[in-house]
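Okay, structure first, notes after.
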Amino acid sequence: MKRAAATMPMVPMARRALALSALSLACGAAWAQSSVTVYGLLDVGVDQVRKGEGNVQGTLFGMSGTTPVPNAMASPETRTNRMAPSLSAQSHFGFKGTEDLGGGWKGGFTLEGGIQADGGVLSNDGRLFGRQAFVSLTTPVGEVRLGRQASPMLIGYYLATTERLGGTDLMGAGLVVNTLQTYQDNMASFLVRKGPWLGVLSYSTNAGVSNRISAARASATSATPAANAATGQIIGGLTAGAESPDDRGRAQGALLAYNGTPFSVIATYHRNDFRGAQVGVASAANGGTFVPLYALDTYTGAMIGAKYKAPTDTMIVANFHVGKYDNVGPLDPKVQTASVGVKQAFGAFELGVQYMQSRFKNFTRGKDSGVMLGADYNFSKRTAVYSRIGFVDDDRGNIVRGTVTPLPIAGGPGALLVPLGAQEVPLFSGAGQNTDARTSIVSVGIRHLF
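Given below as structure tokens:
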């Protein structure tokens, strides 16, 4: 090697060194023009989740063909000890960058992924940047964003809660009505910020709706069949956002918020076009099967919220959400969700309590009601330990039959919408609910912001 290096001509060596120096300077200049930030949050806890024996007798979920299955077998009482992610806040990591273009103009990007730190795997069907992946252009008037983003409804709920929308945040219950109210594929949005005022308008060509909707995921698990053409997939699933000629999955959203001190007021709106997509139950049997129950046309939802921060470090928040599914047929489920939360700081300690109730105003007339107690000790602005103790009760309401098939279903919004594929993150970080039963949790955990 030394002999070969000695016989190498000096001119090419000089040119190579000059080229490397120029490349280094160019990269340094490009980096200096932008500001790139790495950020994230990790939340992991240990908990015990107890689910009472469910009551699915006489429904699709309590039948084997035409044979009834006892509740003790179809929906048994369970107690599970877990290490669970994202109980008090959603774990995530991200990169964001901006470039000042002058004259009030800026270019930027955000790449953000969810992570389940208990197993070191990605959330959102294993997408690397499953929460947000967009490019932006800030103008003197407002900011334009293109790509996968948080919906206006999700932004509104972050402003209208005492918590951080983790798995034990009952004040985010309205979001489970439709997963497309969280993160949306193919979104274009426009944001305007003026002092404490924030306005957002959004449009998506397909926020994440396939022609068959079920609880099937991108990969098979013991509890959920794999998503494919036969089984369908969950709303907002990995491959559900492909645009189609019939505009299936098209979504619009809006937010207007006054986020001031001591008062904040938030109003949001959301609409999705389903274009007759069938909703049903998926099975892994025989390579994947699908039992249709009804077909969806549109979904509309709205939320209003208010927050008060007192000088005594007291926070009081309330929100109210209404949603309506317009189905192809006589059943048009209407959902109402109301919640209130109070948090009080005592130095490094924070104590809080939440109450929520979500109900079908028609359809099954089932409902879910819950209470959550919380305590945090903040070692710093970045590191905290916490505990959550609470429960959610499901009242299954009436047994109703679908418009596509006569199969009977029942349950409150939280318990029923999970097996039908409308809810992406089940209650208590994946614990889910038994129909017509109580689900309770006792947890302690650590949260770190970076």
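Those letters in the sequence shown? Residues 73 to 522, by our numbering. All C-beta atoms in this analysis are idealised placements derived from N, C-alpha and C, irrespective of residue type, glycine included.
Asked                                                                                                                                                  : Found
Under 8 angstroms: do the stretch 223-243 and the stretch 423-432 share three or more Cβ pairs, one atom per stretch?                                  : yes
Quick one, which of Phe-362, Gly-176, Gly-280 has its alpha-carbon nearest Ser-223's?                                                                  : Gly-280
Just the Cα atoms here: how many angstroms apart are Val-407 and Thr-303?                                                                              : 26 angstroms
Between which two residues does the alpha helix (DSSP H) holding Ile-227 run?                                                                          : 224-231
For the beta strand (DSSP E) that Gly-373 lies in, which residues bound it at each end?                                                                : 361-381
Going by C-alpha distance, which of Ala-329, Gly-474, Asn-344 is nearest Gly-321?                                                                      : Asn-344
Classify Gly-419 as helix, strand or coil using the three-state DSSP reduction.                                                                        : coil
Ignoring anything shorter than 4 residues or poking outside the stretch 94-169, list the alpha helix (DSSP H) runs there in chain order.               : 143-146
My output table needs one value for Ala-523: the three-state DSSP class, helix, strand or coil.                                                        : Any answer about residue 523 is impossible in this case: the structure gives the chain only from 73 up to 522.
Quick check on the DSSP output: the alpha helix (DSSP H) that includes Gly-486 runs from which residue to which?                                       : 485-489
Have a look at Gly-166, Leu-218, Ser-208, Pro-405 and flag the residue whose alpha-carbon is nearest the alpha-carbon of Gly-202.                      : Gly-166
Tell me the rounded alpha-carbon separation between Phe-133 and Pro-485.                                                                               : 15 angstroms
In the DSSP assignment, find the unbroken alpha helix (DSSP H) run with Ser-501 in it and report its ends.                                             : 499-502
Which residue wins for smallest C-alpha separation from Asn-592, given the options Ala-339, Asp-369, Leu-218, Gly-352?                                 : What is shown of the chain runs 73 to 522, which leaves residue 592 out entirely.
Taking C-beta to C-beta, are Ser-276 and Val-351 nearer than 9 angstroms?                                                                              : no
Using DSSP with H/G/I as helix, E/B as strand and the rest coil, what is Thr-384?                                                                      : coil
Secondary structure at Ala-482, three-state DSSP: helix, strand or coil?                                                                               : coil
Out of Pro-317, Lys-266, Leu-368, point me to the one whose CA is closest to Asn-331's CA.                                                             : Lys-266
Consult DSSP for Gly-348 and reduce its assignment to one of helix, strand or coil.                                                                    : strand
Can you give the Cα-Cα distance for Val-400 and Gly-517, rounded to whole angstroms?                                                                   : 45 angstroms
In terms of residues, what are the limits of the beta strand (DSSP E) holding Val-514?                                                                 : 510-521
Near Val-476, which residues of its chain fall below 7 angstroms by C-beta distance, leaving aside the five closest residues on each side in sequence? : Gln-350, Pro-364, Leu-365, Tyr-366, Ala-367
Per the contact definition of three or more C-beta pairs closer than 8 angstroms, is the stretch 403-423 in contact with the stretch 206-213?          : no
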